[in-house]
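Novice: I have a structure I would like to understand better, so I am pasting it below and will then ask my questions one at a time.
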Amino acid sequence: MTYSTRFTRRSFLIGCGASTAMLLAACAAPPAAAPAAGTEATAAPAGGAAAAPAAGGAKKEVPRQETLVHYGGDTEILEPTNFNPYSLGGLGRIRGPLNKTIFEFLYYYNHNDGKEIPWLAESYKVSEDATSIDVAIRPGVAWSDGNPFTSDDVKFTLEKLRDTPELAFASDMKEWVKDVTVTDEQHFTINLNKPNPRFFYFYFVENSEIQVAILPKHIWEKEDWTSFLNYDAAKGLPVGTGPFKLVEAGPQGQFFDRDDNWWGVKTGFSQASKVTRQSYIPLGTGAATFARMINNELDVDWTVQPGEFVAGNAQNPDLKSWNAEGPSWGAPDACLYTLGLNTQWGPMADVHVRRAVQAAINREKIVDLAYEGGTVPLVLPFSTFGGLDPYRELCKDLVEKYKPDNTSLDVVASEMAAAGYAKDGEGFWAKDGKRMTPEFHCACWLGPMAPIVEKQLRDAGFDVTAKLVTTTCDPFFETVQQGKADIWIIVHCGSSREPWGTLQHYHSKFNSPEQGKKDNYIWANSQYKNPEYDKLIDQMDTISPSPTDKKYTDLVRQCVEIYLRDVIEITMSEERHVRTYNYHYWKGWPNAADPYVAPYALWASIMLALVKVEPTGAA
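In the working numbering, the protein residues as written are 1 to 619.
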């Protein structure tokens, strides 16, 4: 697997340009003037150039009350006319506007109840040996240019990804996809190189950050996928199956209007969206953007700290989050706040040092001080989604055995002594006359945790200073993925319905080949190397998950025990963003009282909300 493909697939490169940058104003430059959130016209791009020509239809005037306004960036939209989902950076584009407008997916997924929601496909069946998947396409699905969506489009897309190493998802498809057999226009079989009972679920159903978008063969077969922008006004590009079409794109905005010829309405599968236009507009940064939401210039999915949300709601009661009451306003998102540890190089390679670091961490204080009680402490490496409850219960005795949440300076001292360290004259741990000074990194959007974790470690005798990246996310990931950092604060995303989703990230196949060279998966940075653990994951790969299957649960328990025993990384708490929706112009957003889909508008399943929300009638 190549680094570039794995990085872009489930990647925080995406978040660096979007959701993660929202969390702290310190992550970006001061906000520049942005166009008003109304959509009657777009501001001219920098340099006075005219706005980009329309594609997919002519842009008309649309009232603010019929327009859904999204955050489109800080000061301008980068590559505003690039709608290629698979070229370099493509998943950032599709995770932005494209999965809410142009592209739909074979299935959607409700993380709140685990329900799989058939969409472009009606059904799928995994073979008994998990080496093939039979899929049926929904009758009547069509591309926006009127051509039918068929099995040939699926075969063309998956095999092209498999055979083009430069593309996002290429290494994944190369590893798994042997070929695709077309039975007829509506039925096909994905044949795998080796058993994988999760293949269809992972790439076409649940993938919380992004699923595989199928492309129209009749357009893309003529193009170079590595460079094609998928934008041509004369040809009506981009072409997708989604309920919206692009009408204008430029640095100061991307605008998508409802497609009244959408297949979903024509076949009776879905009601039409009541949103006439979706606008993606640069709106500044941090507090400046939230101020626009308070002023009803922004409608959907802005992320703030709990205290900031409470203050904003006091000014504008139309601002709401997942829960009606705090302090935990947000919902689980399959991601965890973790303290990463370099288990192969540097001082953290010693398991006794890792255990000492863990004993210095007070999770409850981190939650209370960094996130104002807005989330919950955790010790196991998977989220609090309901589907994972049986597995947490399964591992309770292991948690009691290893006591990962036992904050104790006595444990710190005994473990550091076992590693051969003693405190120097200033109270810091040293060995052979040399003080330990671990490299401690924290990306900007996780900044609230940095000073708290730093103080806890220093109070326990570790001479660390958190290095907060404040200009760009790249140096942080470069350092961590090359094995040059010793300790780091990161979001680790993975398990949503079974432990395998995160546990597999500690397999040595993801490790850097040597220090200074990048590993090949953004979440797998521990550099953990244990043949015993690898064998367990290799076995788990081939087994369908079930909390009642002893073969599967025994593997889960063995992996969790190694995770806790060796302190592969330190799970601190759950990521529960206070995603904020504005109910001034639009109502019907998902929330705890109506959890028809998860609240994260960066995820593909937000399409379910876009065909459900209704105008409030506000002026």
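By construction, the Cβ of each residue, glycine as well, lies at the ideal position given by its N, Cα and C atoms.
Let me confirm a value: aspartate 549 is counted as buried when at least 16 other C-beta atoms fall within 10 Å, else exposed. Which label applies?
Specialist: When all chains shown are included, aspartate 549 counts as exposed.
Novice: Leaving aside the five residues before and after alanine 29 along the sequence, list all residues of the same chain whose C-beta is less than 6 Å from its C-beta, in chain order.
Specialist: Legend: pLDDT at alanine 29 = 32, less than 50; position of this residue unreliable, no value from coordinates given.
Novice: Cutting at 6 Å between CB atoms, please list the residues of its own chain near proline 31, excluding the five before and the five after it.
Specialist: For proline 31, the predicted model reports a pLDDT of 32, less than 50, meaning its position is unreliable; a value from the coordinates is still stated below. If we look at proline 31 and ignore the five residues flanking it on each side, its Cβ neighbours are Gly284, Thr285 and Ala288.
Novice: Can you have a look at glycine 372 and say buried or exposed, based on whether 16 or more other CB atoms are within 10 angstroms of its CB?
Specialist: Strictly speaking, residue 372 in this sequence is glutamate, with glycine absent from that position. Glutamate 372 comes out buried.
Novice: For glycine 501, tell me which candidate among Ile537, Gly516 and Gly340 has the shortest Cα-Cα distance.
Specialist: Per the Cα distances, Ile537.
Novice: Do threonine 338 and isoleucine 490 have their beta-carbon atoms positioned less than 7 Å apart in this structure?
Specialist: Their beta carbons are under 7 Å apart, which means isoleucine 490 touches threonine 338 by this criterion.
Novice: Given this structure, state the Cα-to-Cα distance separating tyrosine 86 from glycine 461, to the nearest angstrom.
Specialist: Going from the Cα of tyrosine 86 to the Cα of glycine 461 covers about 47 Å.
Novice: Using C-beta distances below 8 Å, list every residue in its chain close to serine 573, excluding the 5 sequence neighbours before and after it, in chain order.
Specialist: Within the same chain, serine 573 has close Cβ partners Leu336, Tyr337, Arg363, Ile366, Val367, Tyr371, Thr375, Val376, Pro377 and Leu378.
Novice: Are the CB atoms of proline 197 and phenylalanine 382 within a distance shorter than 7 Å?
Specialist: Result no, Cβ atoms of phenylalanine 382 and proline 197 do not sit closer than 7 Å.
Novice: Would you list the residues sitting across from glycine 253 in a DSSP beta bridge?
Specialist: Answer is Gly250, bridged to glycine 253.
Novice: Would you list the residues sitting across from cysteine 493 in a DSSP beta bridge?
Specialist: According to DSSP, cysteine 493 bridges with Cys335.
Novice: Can you find at least 3 beta carbon pairs, one from the region 143–152 and one from the region 211–228, that sit closer than 8 Å?
Specialist: Yes, the region 143–152 is in contact with the region 211–228.
Novice: Using beta-carbon positions only, say whether phenylalanine 620 and valine 135 come within less than 7 Å of one another.
Specialist: No statement about residue 620 is possible, as the shown extent of the chain runs from 1 to 619 and does not include it.
Novice: So proline 590 and alanine 609 are in contact, right, with Cβ under 8 Å, and what is the actual spacing, rounded?
Specialist: That pair is a contact at about 6 Å.
Novice: In terms of alpha-carbon separation, which member of Val69, Trp603, Ile568 and Glu79 lies closest to leucine 229?
Specialist: Nearest of Val69, Trp603, Ile568 and Glu79 to leucine 229, Cα basis: Glu79.
Novice: Judging by CA-CA distance, which residue of Glu297, Glu166 and Lys160 is the nearest neighbour of lysine 222?
Specialist: Closest by alpha carbon: Lys160.
Novice: Pop quiz: lysine 245 and aspartate 257 are said to be a contact at Cβ under 8 Å. What is the actual Cβ separation, rounded to whole angstroms?
Specialist: So it is a contact: roughly 6 Å between Cβ atoms.
Novice: Buried or exposed: alanine 26, going by 16 or more other Cβ atoms within 10 Å of its Cβ?
Specialist: Confidence in alanine 26 is poor, its pLDDT being 34 and thus under 50, which makes the residue's placement unreliable; the coordinate value appears in the next sentence. Exposed, because fewer than 16 other Cβ atoms sit within 10 Å of the Cβ of alanine 26.
Novice: Hey, glycine 516 and glutamine 481 are a contact pair by Cβ (cut 8 Å); roughly how many whole angstroms apart?
Specialist: Incorrect: roughly 10 Å between the Cβ atoms, too far for contact.
Novice: Can you tell me whether glycine 617 is buried or exposed, with buried defined as 16 or more other CB within 10 angstroms of its CB?
Specialist: That one is exposed.
Novice: Lysine 320: buried (16+ other C-beta within 10 angstroms of its C-beta) or exposed?
Specialist: Looking at its Cβ environment, which holds 16 or more other Cβ atoms inside 10 Å, lysine 320 is buried.
Novice: Use the C-beta contact count for alanine 422: other C-beta atoms within 10 angstroms, 16 or more gives buried, fewer gives exposed.
Specialist: When all chains shown are included, alanine 422 counts as exposed.
Novice: Taking only three categories from DSSP, how would you classify valine 578?
Specialist: In the structure shown, valine 578 sits in a strand (DSSP, three-state: E or B).
Novice: For the beta strand (DSSP E) that serine 526 lies in, which residues bound it at each end?
Specialist: Note, serine 526: premise wrong, no beta strand (DSSP E); not H, not E.
Novice: Which one of Val126, Val154, Asp224 and Asp129 has the shortest CA to CA distance from leucine 167?
Specialist: Comparing Cα-Cα distances from leucine 167 to each of Val126, Val154, Asp224 and Asp129, the minimum goes to Asp224.
Novice: Just the C-alpha distance for alanine 170 and proline 438, rounded to the nearest angstrom, thanks.
Specialist: Taking the straight line joining both Cα atoms gives about 36 Å.
Novice: Looking only at C-alpha atoms, which of Lys174, Thr67, Thr542 and Cys395 sits nearest to leucine 298?
Specialist: The residue with the shortest Cα to Cα distance from leucine 298 is Thr67.
Novice: Under 7 Å between the Cβ atoms of alanine 359 and valine 399?
Specialist: No, the pair does not count as a contact, with Cβ atoms beyond the cut-off.
Novice: So, helix, strand or coil for isoleucine 487, using DSSP?
Specialist: The answer is strand: DSSP assigns isoleucine 487 an E or B state.
Novice: Could you compute how far the alpha carbon of alanine 419 sits from the alpha carbon of methionine 348?
Specialist: So the alpha carbons of these two residues sit roughly 10 Å apart.
Novice: What residue does the alpha helix (DSSP H) around cysteine 559 start on, and which one ends it?
Specialist: Run containing cysteine 559: 550–566, per the alpha helix (DSSP H) assignment.
Novice: From Gly236, Met173, Phe476 and Lys194, pick the residue whose C-alpha is nearest to that of lysine 638; which is it?
Specialist: Here the chain covers residues 1 to 619 and nothing more, so residue 638 does not appear.
Novice: Mapping DSSP to helix, strand and coil, what is alanine 34?
Specialist: Low local confidence applies: a pLDDT of 38 at alanine 34 is under 50, so the model's placement there is unreliable, and no value is given.
Novice: If we ignore side chains and look at the alpha-carbon of each, how far apart do aspartate 534 and serine 508 end up?
Specialist: So the alpha carbons of these two residues sit roughly 7 Å apart.
Novice: Closer than 6 Å by C-beta to leucine 106: which residues in its own chain qualify, once you throw out the five before and the five after it? Chain order, please.
Specialist: Leu120, Ala121 and Phe204, listed in sequence order.
Novice: Do you know whose CA, among Lys401, Trp429, Gly425 and Asp405, lies nearest serine 414's CA?
Specialist: The shortest C-alpha separation from serine 414 is found at Trp429.
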